[in-house]
Amino acid sequence: MAGMDFFIRPATGTTSADWVRIPNADIKVRLTRRMTRTIVRGEEGDNLHDEGSESAIYTISGEMQLDEYKRILAMFRSGQPCIHDPFEERDVKVVFASMEYDGSNESFKFELIEDIV
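Counting in this note's numbering, the sequence shown runs from 16 upward without gaps.
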C-alpha cells in the first residue's frame, strides 16, 4: 500500500493553517484493551475483568526535511498535539511516546499514544 498523508497540529493550534502535512507516511495503529487478571489460588482458573477502556498506539514513519522535523520537535516538547486518524476519519489528541530522526537520510519514526476512556 502506498504511503498516506499524515496530519499533526500543536496543542495550541485552532485553525486549519496550524496543521502540518507529512506526505507519503507509513501509518500503523494498534488498539489494546485494558484488563485485570485475578488468579484464584486453590480453585480452577482465573478471572479476567475488562476495565472498559482501550489505548491506541500510532506508529508513523517516513521521510521529512530538517525544517519539518524542527516544527514537530517543538510539538514534542510543548504538550499534547492532535493528529488526524486517517482510518477513522477523526481528530485525536495524543502524546508522543518516542520520536526518532535520522538526518543522514531524513527518515523519521514517531510513536504516539491516545488514551480512550
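Where is the CB? At the ideal position from N, CA and C, for every residue including glycine. Since we're looking at a predicted model, the values are computed, not measured.
Going by beta carbons, ILE131 and SER68 fall inside the 8 Å limit. The C-beta distance from ARG48 to ASP65 rounds to 6 Å, short enough to meet the 8 Å contact threshold. Under the three-state reduction of DSSP, ARG56 is assigned to coil, being neither helix nor strand.
Each residue's CA atom was taken as its position, placing PRO96 and SER31 some 14 Å apart. In this structure PHE102 is not in contact with PHE111, their Cβ atoms being roughly 20 Å apart against a cut-off of 8 Å.
Assignment of ALA26 by DSSP, reduced to helix, strand and coil, places it in the coil class.
When the beta-carbon positions are compared, MET79 and PHE123 come within less than 8 Å of each other.
Under the DSSP assignment, ASP100 falls in the beta strand (DSSP E) whose first and last residues are 97-100. Using a Cβ distance threshold of 8 Å, ILE54 and ILE128 do not count as a contacting pair. In chain order, PRO25 place their CB closer than 8 Å to the CB of ALA89, counting only its own chain and leaving out the 5 sequence neighbours on each side. Counting along the chain, the unbroken beta strand (DSSP E) around GLU115 starts and ends at 110-117.
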